[in-house]
Structures are given as structure tokens and as C-alpha cells.
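A quick write-up on the structure given underneath.
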Amino acid sequence: MATGTGIGVGPVPATPATRRLARELGVELRAVRATGPAGRVTDDDVRAAASGSASRSSSLAARVNPAQRGQAVAEPGAAAPTRGGADAERAQVAKPLAPIGAAAPPLPRFEQWGPVQRQPLSHLRRTIAERMALSATLIPHVTHFDRADVTELDAIIRRSVEPARERGLVLTLTSFLLKAAALALKEHPQFNASLDGAAGELILKRYYHLGVAVATERGLIVPVIRDVDRKPLVELQRELATLAQRVREGKATLDDLRGGTFTITNIGALGGTGAIPIINYPEAAILGVARAREEPVVLEGRIVPRTLLPISLTFDHRVADGADGARFAAAIVRRLERPEQLLLDW
Numbered sequence: 268m269a270t271g272t273g274i275g276v277g278p279v280p281a282t283p284a285t286r287r288l289a290r291e292l293g294v295e296l297r298a299v300r301a302t303g304p305a306g307r308v309t310d311d312d313v314r315a316a317a318s319g320s321a322s323r324s325s326s327l328a329a330r331v332n333p334a335q336r337g338q339a340v341a342e343p344g345a346a347a348p349t350r351g352g353a354d355a356e357r358a359q360v361a362k363p364l365a366p367i368g369a370a371a372p373p374l375p376r377f378e379q380w381g382p383v384q385r386q387p388l389s390h391l392r393r394t395i396a397e398r399m400a401l402s403a404t405l406i407p408h409v410t411h412f413d414r415a416d417v418t419e420l421d422a423i424i425r426r427s428v429e430p431a432r433e434r435g436l437v438l439t440l441t442s443f444l445l446k447a448a449a450l451a452l453k454e455h456p457q458f459n460a461s462l463d464g465a466a467g468e469l470i471l472k473r474y475y476h477l478g479v480a481v482a483t484e485r486g487l488i489v490p491v492i493r494d495v496d497r498k499p500l501v502e503l504q505r506e507l508a509t510l511a512q513r514v515r516e517g518k519a520t521l522d523d524l525r526g527g528t529f530t531i532t533n534i535g536a537l538g539g540t541g542a543i544p545i546i547n548y549p550e551a552a553i554l555g556v557a558r559a560r561e562e563p564v565v566l567e568g569r570i571v572p573r574t575l576l577p578i579s580l581t582f583d584h585r586v587a588d589g590a591d592g593a594r595f596a597a598a599i600v601r602r603l604e605r606p607e608q609l610l611l612d613w
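Here the sequence shown stands for residues 268 to 613, numbered as in the numbering used here.
The following block contains the structure:
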């Protein structure tokens with residue numbers, strides 16, 4: 268009986284049924300050792316290859332540090348910077364990321380193509396990496412895009428520069444985003460929630476603690492502002508400024524970073540026309556905003572300049588449908604376009 272491998276050029280000898288079996292088992296026919304007549308790949312060859320692949324995956328997973336298997340990923344608070352500075356970062360020992368889902372295949376030897384440098388991940392970067400992998404693996408993400416006409420809101424912010432300065436504040440768009448999102452979340456509670464898959468329940472939170480992503484030299488950190496729905500804009504802006512400063516100085520506490528129900532990330536200062544943010548697990552949604560730009564818009568039959576703000580709402584498709592996401596985004600846009608409602612408690 269002729270034996271060999273299916274590796275080579277041209278089609279691999281195999282029956283349609285064997286090819287179908289290979290597709291179902293995720294086996295590449297060219298990598299299968301053929302034992303059939305004239306080098307044909309048989310069903311048994313495909314099953315043997317699939318079994319061997321599974322064994323290799325199990326062996327790879329077994330090599331992961333047993334102490335890390337089943338290890339809970341740190342809460343957002345674990346990303347709080349510690350006071351060690353550059354010395355602590357240099358002393359960092361490289362540790363593998365906590366495994367999420369299927370074990371990754373081994374990397375190639377990059378050194379064979381040129382010089383490389385290995386840099387241990389900092390504690391913060393490792394935590395971010397693990398949480399992003401957890402979110403992307405467990406949550407089916409879907410993103411809805413929209414634009415808000417913030418011409419009036421931009422004018423209000425510009426007019427409020429002096430009054431805000433008298434109160435020791437610099438009024439920003441983010442405080443309006445916080446307020447608009449909190450009020451919209453009250454109308455669409457499934458986005459202020461977490462899914463308990465084990466219990467088959469959606470946990471609706473009756474409090475509105477919103478996180479705001481803050482970029483630091485060490486990485487992205489998300490401090491949480493509590494009870495956003497009950498606080499006036501001035502208080503929100505003051506608390507936001509204080510929290511952001513604490514985060515950048517490395518003085519944020521675990522309580523500053525825990526308990527969020529929804530997250531806002533504003534990349535407007537960095538440019539770009541938009542982005543697809545990843546949900547801050549175990550939340551159900553995240554709002555991203557880009558830079559507002561003046562653009563020509565047809566309004567009542569005339570072309571006029573208007574300031575448009577791109578937004579991207581990413582949400583867990585298990586807890587909401589596309590139509591739900593569109594309605595929630597529209598509720599945020601509506602409040603940004605009618606800022607007088609947000610100013611009632613200014």
C-alpha cells in the first residue's frame with residue numbers, strides 16, 4: 268500500500284466525502300499523511316490528523332503555568348498605576364497573559380529574519396491586554412455609527428468659558444457627553460447592564476456610574492464618576508478634572524476605578540474620524556466619540572456650515588439588537604443636539 272503525505276502541488280487526492288469531513292474537522296488536507304492507494308487521503312487519515320492536532324493543543328495548554336489556569340482577570344481597579352516609576356517598570360519580570368479560550372499556536376522564531384528586542388509587559392499593559400482579550404472573546408461586539416449636530420452645544424461651551432473659569436473650571440464636551448449618556452441610559456436600561464450567562468439573566472443596574480477613558484503614559488485607565496444622572500454639569504466637570512489628574516499622577520485608588528456601568532472614550536483631541544471601541548467587560552456597551560468638524564449640511568434647502576460630532580456605540584449583541592442600539596444612540600444624539608435640556612441644572 269502506498270503511503271505518503273498530502274503536501275505538494277496540485278489537488279490532494281481525496282473523495283468528496285473525505286474533503287467534507289476535513290472541512291468539518293478543520294483539517295488542512297495538504298498537511299495530512301495519506302495512507303490510501305496512490306497517495307489518496309482517507310477518512311481515517313483525516314480523523315487521525317484531527318486527533319493529533321487536538322493532542323498538540325492540549326499539550327500546549329498544559330504547558331501554561333497551572334497557577335494561571337482559571338485565574339480571574341483583574342477588575343479595572345487592578346490597572347491602577349503603582350508608585351514605582353521607571354525603576355519598577357524596568358524591574359518587571361515578563362509573565363504570560365492569563366489564557367482566554369483556545370491556546371494560541373506558538374510564534375515563529377522572528378530572530379531568523381532580523382534582530383528583535385523582547386520587552387516585558389508592565390502590570391498595567393498586561394491587565395489591559397487580558398481584559399481586552401476577555402471582552403473580545405466572550406462578547407459578540409456590534410457597533411452603530413451616527414453623527415450629532417453639536418453646533419449649538421459648541422457655541423454654548425465657547426460662551427461658557429468665562430463663567431466656568433470664574434468657578435475654577437474648564438468646561439469640556441465630555442461633561443455634556445456624560446450627562447447625555449446617563450439620561451439616555453435611563454430610557455434604554457439594557458445598555459446599563461451586565462449579562463450573567465451562567466444564570467441566564469440580564470442584570471439591570473439602577474445606578475449610573477460612568478467611566479471615562481483617560482490616556483496616560485503607562486496606558487489607558489478608566490476612572491468612574493458615580494451617580495452621573497443626579498449631578499449638575501459643573502459638578503461633573505469638576506469631578507472629571509480631579510479624577511483625570513489623579514490618574515495621570517498615578518494616585519488613583521481602586522475605588523476610583525471600580526463600579527462602572529458604562530464607558531465613554533473620547534479620542535477627539537487625537538484626531539481621526541472615528542474608531543470602534545471594545546467593551547469594558549463586564550459592561551454591556553461603550554460610547555466612542557471622535558473630533559467634531561465643521562462640514563457643509565443641507566438645512567431647510569440651504570447649504571450651511573454645521574459642527575458634526577462622529578459617535579460610535581459598541582454594544583453586546585446578546586443583550587440588544589441593532590435596532591435597540593440605533594435607538595439608544597439616537598437618544599444620546601438628540602440630547603447633544605438640544606443642549607438646553609442638559610443645562611437645566613447648570
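Ideal placement from N, C-alpha and C gives every residue a C-beta, glycine not left out. These numbers come from a predicted model, not from an experiment.
Reference residue i; option with closest CA among the options
i	options	result
Ile553	Pro606, Ala305 and Phe458	Phe458
Ala371	Ala519, Leu288, Ile578 and Ala400	Ala400
Val313	Ala281, Pro304 and Ala305	Ala281
Pro363	Ile578, Ile406 and Ser389	Ser389
Pro499	Leu609, Pro382 and Arg432	Leu609
Pro387	Gly381, Ala396 and Pro563	Ala396
Pro563	Thr418, Thr410 and Val409	Thr418
Ile406	Ile599, Ser461 and Phe529	Ser461
Ile578	Gln379, Arg605, Ala590 and Ile534	Ile534
Ala528	Val479, Ala511 and Gly541	Checking the sequence, you will find Thr at residue 528 rather than Ala. The residue with the shortest Cα to Cα distance from Thr528 is Val479.
Asp530	Ala449, Asp463 and Ala508	It is Thr, not Asp, that sits at residue 530 in the sequence shown. Checking every option, the nearest Cα to that of Thr530 belongs to Ala449.
Glu454	Arg300, Val279 and Ala598	Ala598
Thr410	Arg594, Pro544 and Thr394	Pro544
Gly555	Ile570, Val571 and Phe582	Phe582
Strand pairing of residue i, partner residues [DSSP]
i	result
Gly486	Thr483
Thr540	Partner(s): none; Thr540 has no beta bridge.
Phe529	Leu477
Phe377	According to DSSP, Phe377 bridges with nothing at all.
Ser389	Answer by DSSP bridge pairing: none, since Ser389 is not bridged.
Ala415	Leu576
Thr439	In the DSSP output, where bridge partners are listed per residue, Thr439 has none listed.
Arg569	Leu566
Asp310	In the DSSP output, where bridge partners are listed per residue, Asp310 has none listed.
Inter-residue spacing [alpha-carbon to alpha-carbon] between residue i and residue j
i	j	result
Leu603	Arg286	56 Å
Arg573	Ala559	10 Å
Leu477	Leu444	10 Å
Gly592	Gln504	27 Å
Glu567	Asp421	21 Å
Gly293	Ala317	8 Å
Ile424	Leu440	8 Å
Glu516	Ala361	25 Å
Arg398	Val501	32 Å
Thr349	Ala298	Here Thr349 scores only 40 on pLDDT, less than 50, and its place in the model should not be relied on; the value that follows carries that caveat. Taking the straight line joining both Cα atoms gives about 49 Å.
Pro546	Ala403	As written in the sequence, residue 546 is Ile, which differs from the Pro given in the question. The straight-line gap from Cα to Cα measures roughly 8 Å.
Ala284	Thr302	16 Å
Ser324	Leu611	Caution is warranted here: a pLDDT of 45 is assigned to Ser324, below 50, making its placement in the model unreliable, and the coordinate value is therefore given only provisionally. Distance between the alpha carbons of Ser324 and Leu611: 59 Å.
Ala519	Arg290	51 Å
Asp494	Arg376	51 Å
Ala596	Leu580	7 Å
Gly435	Val428	10 Å
Gly541	Ala315	47 Å
Leu510	Asp463	30 Å
Ala508	Ser442	10 Å
Glu607	Arg513	31 Å
Ile570	Val600	21 Å
Leu296	Arg307	10 Å
Arg393	Ala551	22 Å
His408	Glu433	43 Å
Leu374	Leu288	28 Å
Pro430	Glu378	60 Å
Neighbour-count burial assignment, residue i, 16 or more Cβ in a 10 Å radius
i	result
Gln384	exposed
Ala565	The question names Ala, yet the displayed sequence has Val at residue 565. Flag for Val565 reads exposed.
Asp311	exposed
Pro549	buried
Tyr474	exposed
Gly539	exposed
Leu576	buried
Val437	exposed
Arg605	exposed
Ala536	exposed
Ala305	exposed
Lys446	buried
Pro456	exposed
Ala590	exposed
Gly381	exposed
Val279	buried
Ala465	exposed
Near the ligand MG: residue i beta-carbon under 7 Å from a heavy atom
i	result
Gly568	Among the components modelled here there is no ligand, and therefore nothing to report on the ligand MG.
Specify whether the segment 486-499 and the segment 520-528 touch according to this definition: at least 3 beta carbon pairs, one from each stretch, less than 8 Å apart. Contact holds: three or more Cβ-Cβ distances are below 8 Å.
Taking 8 Å as the cut-off, does the segment 398-416 touch the segment 470-485 (at least 3 CB pairs, one atom from each stretch)? Contact between the segment 470-485 and the segment 398-416 is absent: fewer than three C-beta pairs spanning the two stretches fall below 8 Å.
Within 8 Å, do at least three Cβ pairs link the segment 454-474 to the segment 580-587? Taking 8 Å as the limit for Cβ pairs, the verdict is that the segment 454-474 does touch the segment 580-587.
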